[in-house]
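Chemist: Numbering (the working numbering), first residue to last: 2 to 567.
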Amino acid sequence: MPAIGIDLGTTNSLVAYWTEDGPRIIPNIHGSNLTPSVVGVDDNNEIVIGAVAKERLITHPHMTASVFKRYMGTNKEYKLGKYSFTSVELSSFILRALKEDAEVFLGEEVKEAVISIPAYFNDTQRKATKQAAELAGLKVERLISEPTAAAIAYGLHQEEEETQFIVFDLGGGTFDVSILELFEGVMEVRSISGDNFLGGEDFTNLLVSYFIDSEKIEVESLSSKEKSALYKQAEICKRAIGESNSGTMSFTLGDKTYEKAINKDEFDKLATQLLFRFRNPIERALRDAELSPSDMDAVILIGGATRMPIIKSVVSKMFGKLPYTNINPDEAVALGAAIQVALMERNEALKEMVLTDVCPYTLGVETSTRHNDGTIESGYFLPIIDRNTTIPVSRVKSLVTITDNQSIMRISVYQGEGRKTNENLWLGEFEIKLPKGPAGKEEVDLRYTYDINGLLEVEAKVLSSGEVKSVVIEKNKGSMTKKEIEERLKALKDIKIHPRDKMENKLLLAKGERLYQESLGDKRQYIASLLQYFDGILASQDDKAIKKASKELEEKLNQLEGWFDY
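Quick look at the structure:
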């Protein structure tokens, strides 16, 4: 039974599968590789999907929904005739259509899929995507970020083994940027950033607003059908500007026809504000990766909106190089998802490639602080796992009591980048009992463990009593079975070991202690400084830093041991 790769897009969706010759897109029943992410209800109150629904956007706007991916994980409902649907339900219709197209094409039943999501989707949005797949009759083998999927497709076509590159994914409604490194078959995500409300649709809406203002059309007087027709004209004009540097919008309202020519310079000026929003996630991703534009070996553009010349121009100026265009920007994500299917099945053609990913948001806990006047203020956010940390990951930090005779510590889990918890997304909370004592005496080790599927386990341990409480944070209860949770937690058990307790690091420290005891004077102080520095690196729990520091310490200790042998 084959598994498929799906690009569940804001504007269009695609499905692909793996063959011996590489990934291939599966056409839909109309023979097109692109299935519009549009759902509607026809005159017989039956659900219509894709191209048919898109055609009805203008003629039956109240019976049709699009761009609903932007609201995944929210309570927003779409009224289509006598029906009301959430974004999860609408997405499930698209996924079911893709599943059926794949089954017709492959001649087999399809039950499993790797599905792409924007890299900046939070935990709620990720779970909503899984729920949509379940409604469509698909088991999600893995969610993969769209830029990561596209980078996999790109990486397979490169001759050089070591490449550092940045991927821009500007689709119809979302923008993601990822910095990745491909080295000796390992593809590692260095950092991700994005904007869930920036896409090609926004550039189209700029033209709509400009046309309405310049022609002095009263937007309040327009019907939904007229607004949809105007939007379609703006989309045609935008494409014309990209192809020939100018376009024309023509719109008939009553007995009057409005017409306006718009050139590339005018469009570029209109887009200035959106381009500022475009640059912000790029700059953040570079900062998080501690890299500069000149460090990038390649720049990759994916998503249909990257075809706009203004996007290519901005990216070229920022990075001083032309972006790669050797993959279809509309198909790259689906192809990468199909390759990920092969990776998971350990296909021989891809046995050397390994994929890592990162945590898209910072995960932390709410804490309180005591001010100089003795007052206590809560609502502060203490990061436990920083954004862009390679996953799976486990991190631990210590908390202490803040009041005398405190008998309970409430662990409130948040996700986000704000200094205060009210700026972040609440994920859940629980309490753990404490022995009473003076403020600051009781200490709790708080461990967060996060896996590649977005599962977060939070474990609190009271050091004095040994009491442990462990919970799995689930925003949408029941999104995973008890057995699935147990299997994932079992798989994560090994990464819960603190770096200082790992055998290779314990061996290094033991060797250092032995050499310290065998040495005297300046040499002893030198060894002490080496061990103290390494202890500090271990405390940071930063895998990359630890790997580098352990290699350096091993070399220095071997050198010292050579001196003793001599």
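Just so it is clear, CB atoms sit at the ideal spot from N, CA and C, and this is done for glycine as well.
Quantities reported herein were computed from a predicted structural model and do not represent experimental measurements.
Just checking my contact of THR12 with GLY248 at CB under 8 Å: how many whole Å lie between their CB atoms?
Modeler: Not a contact, Cβ separation roughly 19 Å.
Chemist: Kindly identify the DSSP beta-bridge partner or partners of THR368.
Modeler: TYR381
Chemist: According to DSSP, is PRO37 helix, strand or coil?
Modeler: strand
Chemist: Go to LEU336, then tell me how far its alpha helix (DSSP H) extends in each direction, as first and last residue.
Modeler: 333-345
Chemist: Under a Cβ-count criterion, where at least 16 other Cβ atoms within 10 Å of its own Cβ denotes burial, should PHE279 be classed as buried or exposed?
Modeler: buried
Chemist: List the endpoints of the continuous beta strand (DSSP E) containing ASP177.
Modeler: 176-184
Chemist: Taking ILE392 and ILE453 to be in contact with their CB atoms under 8 Å, please state how far apart those CB atoms are, rounded to whole angstroms.
Modeler: 5 Å
Chemist: Which residues does DSSP list as the beta-bridge partners of PRO24?
Modeler: TRP19
Chemist: Give the range of the beta strand (DSSP E) segment to which ASN264 is assigned.
Modeler: 257-264
Chemist: Could you check whether ASP8 and ALA546 sit closer than 8 Å to each other, using their CB atoms as the reference points?
Modeler: no
Chemist: Could I get the ranges of all uninterrupted beta strand (DSSP E) runs contained in the region 223-287, with 3 residues as the minimum, in chain order?
Modeler: Those beta strand (DSSP E) runs which fall completely within the region 223-287 and span 3+ residues are 247-254 and 257-264.
Chemist: Please report how far the alpha carbon of THR450 lies from the alpha carbon of ASP544, in whole angstroms.
Modeler: Roughly 14 Å between the two C-alpha positions.
Chemist: Out of PHE184, ALA151 and GLY156, which has the shortest C-alpha to C-alpha gap to LEU171?
Modeler: Closest by alpha carbon: ALA151.
Chemist: Please state whether the Cβ-Cβ distance between PHE212 and LYS261 is less than 8 Å.
Modeler: yes
Chemist: Please confirm whether GLU443 and PRO436 have their CB atoms less than 8 Å apart.
Modeler: yes
Chemist: What's the C-alpha gap between LEU292 and CYS360?
Modeler: 18 Å
Chemist: For my contact list, LEU558 and LEU516 are in at a C-beta cut-off of 8 Å; report their separation, rounded to the angstrom.
Modeler: Under the criterion of beta carbons closer than 8 Å, LEU558 and LEU516 qualify as touching, at roughly 6 Å.
Chemist: Does DSSP put ALA137 in a helix, a strand or coil?
Modeler: In the structure shown, the three-state DSSP call for ALA137 is coil.
Chemist: Using 8 Å as the threshold, is the C-beta distance between PRO294 and GLY321 below it?
Modeler: Against a cut-off of 8 Å, the Cβ pair of GLY321 and PRO294 comes out as a contact.
Chemist: Check GLY563 in the structure and name its three-state DSSP category.
Modeler: helix
Chemist: Put SER413 into one of helix, strand or coil per three-state DSSP.
Modeler: strand
Chemist: What residues are listed by DSSP as bridge partners for SER471?
Modeler: GLU460
Chemist: Thinking just about the alpha-carbon of each residue, which of GLU227, ASP331, VAL187 and MET319 is nearest to the one in GLY201?
Modeler: ASP331
Chemist: Entirely within the region 489-544 and at least 4 residues each: give me those alpha helix (DSSP H) ranges in chain order.
Modeler: Segments of the alpha helix (DSSP H) lying fully in the region 489-544: 504-519 and 522-541.
Chemist: Might you give, ordered along the chain, the residues of its own chain that have their beta carbon closer than 6 Å to the beta carbon of ARG71, omitting 5 neighbours on each side?
Modeler: GLY174
Chemist: Could you pull out every residue in the same chain whose Cβ sits closer than 6 Å to the Cβ of ILE242, ignoring the five residues on either side in sequence?
Modeler: GLY248, LYS265 and PHE268
Chemist: Which of the three DSSP states is assigned to GLU142 in this structure?
Modeler: strand
Chemist: Taking all protein chains shown into account, do 16 or more other C-beta atoms lie within 10 angstroms of the C-beta of LEU383, making it buried, or fewer, making it exposed?
Modeler: Exposed, since its Cβ has fewer than 16 Cβ neighbours within 10 Å.
Chemist: In terms of DSSP beta bridges, what is VAL115 paired with?
Modeler: GLY6 and ARG143
Chemist: What residue does the alpha helix (DSSP H) around LEU107 start on, and which one ends it?
Modeler: 88-107
Chemist: Is it true that the CB of VAL366 sits closer than 8 Å to the CB of VAL414?
Modeler: A contact, by the Cβ cut-off of 8 Å.
Chemist: Taking the CB atoms as reference points, tell me whether ILE385 and ILE412 lie closer together than 8 Å.
Modeler: no
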